[in-house]
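Have a look at the structure below before the remarks.
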């Protein structure tokens with residue numbers, strides 16, 4: 006078990022400099038490492054096999070979260086006691102919580118996701134905002150999805166804002182990255198998954214889909230860009246283009262809210278009598 010390292014006094018330490026560089030995508034990709042900030046993310050990382058590499062903690066945080074420090078050391082991570090200045094230098098948040106972990110990439114090959122025969126998948130196509138990407142990942146986790154796929158036109162999964170917005174869900178379910186949307190859709194269709202594109206201008210209404218009983222089978226939802234939705238060529242790949250009905254006067258729903266509504270609609274339909282989960286899990 007690695008010991009706790011001496012306190013890092015200077016932000017100029019080579020280890021601190023290496024951690025700080027991970028705020029940039031090109032360095033993350035080169036090292037295949039990313040930052041996980043705060044007790045929730047670090048606790049999840051420590052519980053995920055062979056993921057947490059290093060942990061920087063202030064003395065106060067190390068005392069407050071002694072259980073997390075113990076878990077980090079137990080999985081072989083090197084724990085550095087650091088000054089608040091060091092943590093502030095590494096952190097990408099305005100108010101750091103005293104813990105910053107360095108984690109190995111943990112994306113899953115798309116072929117492995119298909120081989121697992123998933124019943125509920127979120128596909129992020131052209132999603133550019135990291136906060137939205139992380140929040141959709143969290144929604145997918147909460148709704149019981151088996152996987153998330155980020156296309157090659159979407160934001161970096163390991164952007165610090167995306168990691169924070171996932172609130173630990175990044176460590177809970179398989180995520181494939183960099184998959185061309187055409188490949189994602191074709192692979193999921195071959196695996197017996199129905200493809201639904203979520204779009205405010207869709208021809209099909211989500212309520213109608215639920216009423217018709219067409220949503221109980223394996224389903225992948227494709228979510229598009231926050232501002233302009235899905236391009237026509239992506240919509241054309243789907244089995245249906247579905248809109249979330251607006252019953253009030255709101256102009257629209259934001260991406261994360263729409264994703265939550267769609268994913269939970271599928272989750273409920275799949276667990277109803279005759280749904281794919283009620284059949285396989287009964």
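Numbering (the numbering used here), first residue to last: 6 to 287.
Where is the CB? At the ideal position from N, CA and C, for every residue including glycine.
Rounded distance between the beta-carbons of residue j and residue i, thought under 8 angstroms
i	j	result
residue 223	residue 114	Actually they are not in contact, since the Cβ atoms of residue 223 and residue 114 sit about 19 angstroms apart, beyond 8 angstroms.
residue 61	residue 91	7 angstroms
residue 144	residue 277	About 20 angstroms separates the two Cβ atoms, so there is no contact after all.
residue 246	residue 240	5 angstroms
residue 128	residue 97	Rounded, the Cβ-Cβ distance is 27 angstroms, inconsistent with contact.
residue 21	residue 94	6 angstroms
residue 1	residue 168	Residue 1 lies beyond the stretch modelled for the chain, which goes from 6 to 287, so this question has no answer here.
residue 178	residue 150	6 angstroms
Helix, strand or coil at residue i according to DSSP, with G and I counted as helix
i	result
residue 230	strand
residue 32	helix
residue 212	helix
residue 199	strand
residue 253	coil
residue 184	strand
residue 127	strand
residue 224	strand
residue 219	coil
residue 113	coil
residue 61	strand
residue 193	helix
residue 248	strand
residue 104	strand
Under 8 angstroms between C-beta atoms of residue i and residue j
i	j	result
residue 154	residue 191	no
residue 202	residue 264	no
residue 234	residue 205	yes
Residue i: first and last residue of the uninterrupted alpha helix (DSSP H) it sits in
i	result
residue 140	135-148
residue 91	89-95
residue 239	237-240
residue 266	260-276
First through last residue of the beta strand (DSSP E) which encompasses residue i
i	result
residue 38	38-42
residue 153	152-156
Tell me, please, whether the stretch 156-164 touches the stretch 131-139 by the rule of three or more beta-carbon pairs shorter than 8 angstroms. The stretch 156-164 is in contact with the stretch 131-139.
Check whether the stretch 101-121 and the stretch 60-77 touch, using three or more Cβ-Cβ pairs below 8 angstroms as the test. Taking 8 angstroms as the limit for Cβ pairs, the verdict is that the stretch 60-77 does touch the stretch 101-121.
Spell out a yes or no on whether the stretch 82-96 and the stretch 43-60 are touching, meaning 3 or more CB-CB pairs, one atom from each, closer than 8 angstroms. A contact is defined here as three or more CB-CB pairs under 8 angstroms, and the stretch 82-96 meets this definition with respect to the stretch 43-60.
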